[in-house]
């Protein structure tokens, strides 16, 4: 078995244990009283064993990258307010297209991103895919820059820069604060 | 409170309807997938928010609330990965060959790479 870092193991075990608490419903009983010691101990054992096997898939570089409270609150703010607002705008747009109030102009555009880390790129690609109207097809690295290939339902411009501003909106700025 | 729950679920049903109509009306694979993300974002988030308020206020069952939040988070994390994989596989199978695309940068760059 490959050797794993202790910090990676520890953060995986903590996450596993949190999910155990949530799925068995113990996380509510801890606050209201009446948590069962047997279930808590069994969960600790199981999450340690699971973390031994899965730590090297779960943690790629930094183990406690969300333990910084400022970053954590920016993350919550991003996913609840910034991203939700983008989602609502795009949803209304695609719903109008579906009912036939607007015409489609589908196409595949290329968009540049100056994010570097794996986490940041994955987060941006998933945010773009989750917004209706844009799907990330591929990420390619070329001359030290990362490019997204995005299927866009309404191609306003094929230019790399302008399309990037229209698709990414404010999302890239927030993602850079969290994961870079 | 009851009205808020009803309004949330009605909004999400409206967007789910828009997704279904789009899936039937649009002409090619990629546009249909765009329409289906409509269902899987606001369509699901509205129902989950309504269910959270219902189980917290009406039922008073807080472990259900925690489970619903976890469900929502996992849905949001896993859904785009599947969407990306399906779209890329469809492109690689040549589904975009005979479509009238406004521009196709991906195809150009793939040809240049070969």
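Chains as they are written, first to last, in my numbering: chain R, 6 to 185; chain F, 1026 to 1139.
Think of the CB as a built atom: it goes at the ideal place given N, C-alpha and C, for glycine as much as any other residue.
These numbers come from a predicted model, not from an experiment.
Check	Outcome
Could you give the residue range of the alpha helix (DSSP H) that holds residue 170/R?	165-173
Counting beta carbon pairs with one atom in the region 1103-1113 of chain F and one in the region 1035-1044 of chain F, are three or more of them shorter than 8 Å?	no
Please decide whether residue 1066/F counts as near chain R, where near means a Cβ-Cβ distance under 7 Å.	yes
So if DSSP puts residue 145/R in a beta bridge, which residue, or which two residues, is it bridged to?	152/R
What are the boundary residues of the alpha helix (DSSP H) that includes residue 177/R?	176-184
Where do the N-terminal and C-terminal ends of the alpha helix (DSSP H) with residue 94/R fall, by residue?	88-103
What beta strand (DSSP E) runs, 3 residues minimum, are completely inside the region 1058-1099 of chain F?	none
Can residue 110/R and residue 148/R be called in contact, C-beta distance under 7 Å?	no
What I want to know is whether the C-beta of residue 103/R ends up closer than 6 Å to one or more non-hydrogen atoms of the ligand GDP.	This structure does not include the ligand GDP; it has no bound ligands of any sort.
Taking the alpha carbon of residue 113/R as the reference point, which residue from 69/R, 40/R and 154/R has its own alpha carbon closest?	154/R
Kindly confirm or deny that the region 128-148 of chain R and the region 1109-1125 of chain F touch, where touching means at least three C-beta pairs closer than 8 Å.	yes
With a threshold of 7 Å between beta-carbons, can residue 109/R be considered close to chain F, or not?	yes
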